[in-house]
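Okay, structure first, notes after.
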Amino acid sequence: MAYFEVRWHGRAQQGIVTAAKMVGEACLRSGKYVQAFPEFGPERMGAPVRAYNRVSDEPIRLHCQVTEPKYILIADPTLIPTVNVLEGAPEDAIFIINTPKSPQEMRSELKLNSKKAAVYTLDASKIAIETIGRNMPNTPMLGALAKATNVITLDALIDNFKENYSKKFSPKVIDGNVAAMNMGFQEVKGE
Amino acid sequence: MAITMTKGQVGLTGNTAVAYAMKQINPDVCAAYPITPSTQIVEEFSGYVADGAVDTEFITVESEHSAMSACIGASAAGARVMTATSSQGLALMWEMLYIASGMRLPIILTNVNRALSSPINIHCDHSDSMGARDSGWIQLYSETVQEAYDNLFQAVRIAENEKVMLPVMVCLDGFITSHAIENMSLLDDAEVRQFIGEYKALHSLLDTDNPVTYGAMTLPDTYIEFKRQQSDAIARAKDVVSEIGKDFGNRFGREYGLMEKYMLDDADVAIVILSSAAGTTKVAVDELRKKGKKVGILRPRLFRPFPFKEVADALKGVKAVACLDRVDSMSGFGGPLFNEVRSSLYESEKRPKIASRIFGLGGRDYKVKDAVGVFEELLKIAETGKVEVLTKYITM
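Each protein sequence line maps, in turn, to chains A and B. Sequence positions in the first sequence follow the numbering used here and run 49 to 239. Sequence positions in the second sequence follow the numbering used here and run 700 to 1095.
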């Protein structure tokens, strides 16, 4: 059985648990079976947090952690020296990193040995400040994820967000996040 | 049985699904004190109360001991009552758990399984609910978000059944199920209302025309008769659980029994395991079956009352069994599940070899390879007829 597996690295309050939730919801809308779950420790602002997705065309019965994710999203590049973001990454892993640096620079910063691995970068924090008004890199990174994979589409992400979050957020916040997803999709660069 | 594709799939966490089930049940009273990892159940349900989406009287209390005390008072007064907790919270309810069951009060408690301190740990194991296994509560263990949701409605019917009249604990795994979004389908409010029906308490403290006493002092001349009746009542719950699981299946397409058998009928060896870890074990079974190994799973859904005859019957053709407990009974002979299964098999003419494995304490991940490791050990036991290590810890 084939799984599409994602691991999110971020700091508490950067919205990665919500981002994983939104990936799950958007894939579910597309008829997939999904799991989205965080890995909690002591909950405090700024602490390193991980969140996961597992997506499949068939019902998912696994209830263990995602240990070999093909997609690894890093919402905060300052985690790279302190957290093992490469843990369990397969040779053809795809990294998406919130940074103003180029994919080439991040490849050497990550000390990636595998030539099959791909690196994508975008300045998600800058996009978030421009579109949402604060440093919330999760939604620009969702746009980037849609660009880097064919499992999830930008339309599915945006439709789900508009439908499921309009009650919770004001139209201004909704529009800002939709713009953030679009910009993340357009601006992400890969190699 | 756990995941069924039906109309209108949604993605919800276990906690959100349970809170939503509580909203649909619309209990008369909820008294609760939130604790990780069941916090969102109480948080979201109190939101429904504040929004006027339910008629429930929500009682904020200063501890879990008070939460269960308030539930007991409300239930004795004739209300339909629900609460939720985890770990230390369930531990603090301890003395009141026995009072709820002894008074035959059909209270519904969702326990999101979490390890007990010390050392402090917020993650999943079954130490909390297994410690309460002899408190006279009926216990259902859920594998998935869908099952936790479905169990809640069935729990109402089981608890309030006149042959039973006992509290029910619905267990789901902390974080693994409580915080994971999974595909599931929701019932319509009208379907829920029809299924659970109106609750009319047999004996209400508030019915002054028919005055009753709850929790009276009993001396050696009567106490044992009360306990005998209570023991008979929980034994009767077994058939009621089956009937209600069948009725649920007839109405909504997801049938539940006392236990789930997965590839067990022709199995040489089997793992007996509860809750979410059974799902991971199923993946291991599929892998090994492809290699021609006859392996299977027995997942009891009902742990109290323990369906010992049905368990013995389900395992009669198997050569070797491992009971995987997500809890240690600390110097007991193996884990609680092992105790029960091994005792159940004592009267069988052809008993399988049986081993106890303790796994996943404090949220330690239980992977497919861990299940495969146990199955390989079992296949060796089946071949040699010898259990080399009777009890041990795995996932270390």
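Ideal placement from N, C-alpha and C gives every residue a C-beta, glycine not left out.
Assignment of residue 70 (chain A) by DSSP, reduced to helix, strand and coil, places it in the helix class. Residue ranges of uninterrupted beta strand (DSSP E) with 3 or more members are absent from the segment 890–925 of chain B; none lies entirely inside it. In the DSSP annotation of this structure, the continuous segment of the alpha helix (DSSP H) that includes residue 793 (chain B) starts and ends at 793–801. Per DSSP, residue 739 (chain B) has no beta bridge partner at all.
Under the 8 Å criterion on CB atoms, residue 788 (chain B) is classed as non-interfacial with respect to chain A. Take the alpha-carbon of residue 1022 (chain B) and the one of residue 217 (chain A): they are about 48 Å apart.
Residue-level contact by beta carbon fails for residue 58 (chain A) and chain B, as no gap is shorter than 8 Å.
About 6 Å separates the CB atoms of residue 849 (chain B) and residue 953 (chain B); that is less than 8 Å, so the two are in contact. Against chain A, the CB of residue 1064 (chain B) has a partner CB under 8 Å away; the residue lies at that interface. Residue-level contact check: residue 1007 (chain B) does not touch chain A, since none of the beta carbons of chain A fall below 8 Å from its beta carbon. Between residue 892 (chain B) and the set B:724, B:709, B:870, B:1093, the nearest pair of CA atoms involves B:724.
Interface residue (Cβ-Cβ distance to chain A less than 8 Å): residue 708 (chain B) is classified as such. Per DSSP, the unbroken alpha helix (DSSP H) holding residue 984 (chain B) starts and ends at 976–989. Taking the C-beta atoms as reference points, residue 971 (chain B) is found no nearer than 8 Å to residue 1074 (chain B). Exposed is the label assigned to residue 901 (chain B), since fewer than 16 other Cβ atoms lie within 10 Å of its Cβ. About 5 Å separates the Cβ atoms of residue 1062 (chain B) and residue 823 (chain B), confirming a contact at the 8 Å cut-off. The Cβ of residue 69 (chain A) sits closer than 8 Å to at least one Cβ of chain B. Counting every other CB atom within 10 Å of its CB across the protein chains shown gives residue 881 (chain B) a total of 16 or more, marking it as buried. A Cβ of chain A is located within less than 8 Å of the beta carbon of residue 878 (chain B). Look at the segment 946–978 of chain B: the residues with a C-beta under 8 Å from a C-beta of chain A are 975, 976, 978.
Between residue 52 (chain A) and residue 114 (chain A), the C-beta spacing is not below 8 Å. Burial check for residue 1032 (chain B): the Cβ neighbour count within 10 Å stays below 16, so the residue is exposed.
Chain-ordered listing is empty here: chain A has no CB closer than 9 Å to the CB of residue 741 (chain B), the nearest sitting near 17 Å. Between residue 829 (chain B) and residue 1026 (chain B), the CB-CB gap stays under 8 Å.
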